[in-house]
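Numbering (this note's numbering), first residue to last: 21 to 525.
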């Protein structure tokens, strides 16, 4: 979009927050870059330059605006919408792969040469993988400086800098303030804090309808791994350097996030997974505008705009849970998952709640005894086949995975039908166009709205919803009275009784 100068100028003049993260505005006279919604009086058009990423603006010699904090804007929706090489690379960079494994590690995960990765990122984003990772390190450092009392040396290490000198130089170059000055500015605006936790605000593009998002997560929560407590969804996180616990609560203009991490080097990756879980980088205006063109869907969109797709922090975990949920009620699926967690999950400490374990990794589940599972023999075979394929690396479901290859690998496994594969694609891989035409709730909702109710006819009709069919699913589920996961839960424990519903494989 940043190459469309007229469109960028219109967004800047309107201070339209919907475009925050889509592109960045740099001012040649002040050497400052901003988000489109920056409240500062706009510069003359001839003094404005547009960049596709904060990293590109920083690399061109501009520093972040102290007023609008463009480095903290929602991420570009493109990396969630697209499945090409650049999008896969951006998802991996956000997950911290470059900091942990370097550019060769990023290239190895994607199956391309380092030169090809650098060339494509530079062509589209104006910055290579190292510059993009550096911009992320700067933002991680800022979060730690402003939200913790850690010594600066510890922050530099946790944010991924190789030295204190590089940390100081980067912070001063990007923010035009020293680390100490950043901390002093933050302390002038104190906020509530939780001992031992980092308190953050996760931005999103309005509108956001939290009902189905948090309602779904709470209603399907696996005991010990997830819970709804004190108005927040809480869960454990398996991260590269150690375990973590996160609490996420909806607010009118942000998501309140409290993170407790065993190793602060996991901060940027944990934030990335939380944003992916809640689909916070979506562009609801684009989604809803397209879905409103369908006369039958328009009333649902107008009633509760901004629905997001509840996703997952770990696609492998979600794939296992999808198989456990085949042909059983929500409550039964939670019970089965809880048994796996107790038997094979790693214990964690959670002084502030009732979380007890990490969800077991595929390698740990490979040792389970199928006969111990209270499941039909065919579904046991499906589960063990999936676990073996994940543990051996025959199917890749990570954030940088190829969606088409993942679908093909899942489809080839006995017992994984189109419903399960598309559900994993939608909530595990994050494909915004995943669609479940055989789902009973969707078919019932479609019939109630006067839409085609047979899978084939509904699939043909859904072509007009592309590439946002996963969001259409959320609106259809919301219209299905038997799908009781479309409201915010109440109380301080996990969601109460949920209407059960059998689902196909």
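No residue lacks a Cβ here, since even glycine has one placed at the ideal position from N, Cα and C.
Is residue i near residue j, with beta carbons less than 8 Å apart?
| i | j | result |
| --- | --- | --- |
| residue 328 | residue 233 | yes |
| residue 482 | residue 498 | no |
| residue 97 | residue 301 | yes |
| residue 158 | residue 221 | no |
| residue 388 | residue 364 | yes |
| residue 429 | residue 129 | no |
| residue 379 | residue 194 | no |
| residue 196 | residue 83 | yes |
| residue 290 | residue 298 | no |
| residue 361 | residue 244 | yes |
| residue 92 | residue 155 | no |
| residue 495 | residue 368 | no |
| residue 202 | residue 165 | yes |
| residue 372 | residue 417 | no |
| residue 443 | residue 394 | no |
According to DSSP, simplified to helix, strand and coil, what is residue i?
| i | result |
| --- | --- |
| residue 377 | strand |
| residue 193 | helix |
| residue 451 | coil |
| residue 122 | helix |
| residue 446 | helix |
| residue 77 | helix |
| residue 270 | strand |
| residue 170 | coil |
| residue 301 | coil |
| residue 40 | strand |
| residue 253 | strand |
| residue 68 | strand |
| residue 440 | helix |
| residue 102 | coil |
Compare the Cα-Cα distances from residue i to each of the options and report the closest residue.
| i | options | result |
| --- | --- | --- |
| residue 77 | 90, 65, 66 | 90 |
| residue 225 | 464, 41, 453, 374 | 41 |
| residue 396 | 190, 82, 239, 347 | 347 |
| residue 207 | 391, 218, 167, 238 | 167 |
| residue 382 | 356, 415, 351 | 415 |
| residue 50 | 73, 39, 86 | 86 |
| residue 262 | 270, 285, 106 | 285 |
Cα separation between residue i and residue j?
| i | j | result |
| --- | --- | --- |
| residue 70 | residue 44 | 6 Å |
| residue 304 | residue 101 | 12 Å |
| residue 435 | residue 344 | 12 Å |
| residue 31 | residue 294 | 28 Å |
| residue 140 | residue 132 | 11 Å |
| residue 189 | residue 80 | 16 Å |
| residue 36 | residue 252 | 30 Å |
| residue 526 | residue 94 | The structure shown does not extend to residue 526, since the chain is modelled only from 21 through 525, so no value can be given for it. |
| residue 349 | residue 464 | 18 Å |
| residue 504 | residue 187 | Residue placement at residue 504 is flagged as unreliable, the pLDDT there being 47, under the threshold of 50; the coordinate-derived value follows with that caveat. Rounded to the nearest angstrom, the two C-alpha atoms are 49 Å apart. |
| residue 230 | residue 267 | 15 Å |
Buried or exposed: which applies to residue i, given that a residue is buried once 16 or more other Cβ atoms fall within 10 Å of its Cβ?
| i | result |
| --- | --- |
| residue 296 | buried |
| residue 451 | buried |
| residue 136 | exposed |
| residue 12 | The shown model of the chain, from 21 to 525, leaves out residue 12, and the question about it has no answer. |
| residue 425 | exposed |
| residue 204 | exposed |
| residue 210 | Low per-residue confidence applies at residue 210: pLDDT is 49, beneath 50, and the placement is therefore not dependable enough to give any value. |
Quick check: is any heavy atom of the ligand FAD less than 7 Å from the C-beta of residue i?
| i | result |
| --- | --- |
| residue 40 | Among the components modelled here there is no ligand, and therefore nothing to report on the ligand FAD. |
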